[in-house]
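Peer 1:
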Amino acid sequence: MTMTDVYLKKPRSQYRWRGARVITVRGLSNQMASVPLGASGTVTYSSRGLTVRFDACACCRVQIVISGLRPDDLEITALPETAQAVTGG
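Just so we're aligned, residue -17 is where the sequence shown starts under the working numbering, counting upward by one.
If you want it as structure tokens, here you go:
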């Protein structure tokens, strides 16, 4: 973690993660693909674990969705309200 990295407190309820911008704290994978440590994405769903749609790869434009992630697998960089305030939406 560098001095410019800011991580927010993790919500206790998983439904509060929806819409949050996150990064991975370790490499993650499913049966189709894997994402490296530090990959960023958006939480799109929460039920029995979190579903994250990761940002598209800069070189090949492939976008990965991984479900069933635990909050321990992720760090929050922006909560939904914060993201809307920054973008003006």
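Glycine is no exception: its CB is placed at the ideal position from the N, C-alpha and C atoms. These figures come from a predicted structure and were not determined experimentally.
Any idea what DSSP makes of Arg(-2), helix, strand or coil?
Peer 2: Helix.
Peer 1: Identify every run of the beta strand (DSSP E) within the stretch 33 to 67, keeping only runs that are complete inside it and at least 3 residues long; order them along the chain.
Peer 2: With a minimum length of 3 residues, the continuous beta strand (DSSP E) runs that stay inside the stretch 33 to 67 are 47 to 51 and 56 to 60.
Peer 1: Which whole-angstrom value describes the C-beta separation of Arg0 and Tyr27, a residue pair presumed to lie in contact below a C-beta threshold of 8 Å?
Peer 2: Contact flag correct, Cβ pair sits at about 7 Å.
Peer 1: In terms of alpha-carbon separation, which member of Leu32, Val7 and Ile5 lies closest to Ser(-5)?
Peer 2: It is Leu32.
Peer 1: Who pairs with Thr24 in a beta bridge, going by DSSP?
Peer 2: Answer is Arg3 and Arg35, bridged to Thr24.
Peer 1: Tell me whether Pro(-7) sits in a helix, a strand or coil according to DSSP, three-state version.
Peer 2: Reduced to three states, the DSSP call for Pro(-7) is coil.
Peer 1: By a C-beta neighbour count over all protein chains shown, 10 Å radius and 16 as the cutoff for buried, is Ala60 buried or exposed?
Peer 2: The residue in question, Ala60, is buried, as its Cβ has 16 or more Cβ neighbours within 10 Å.
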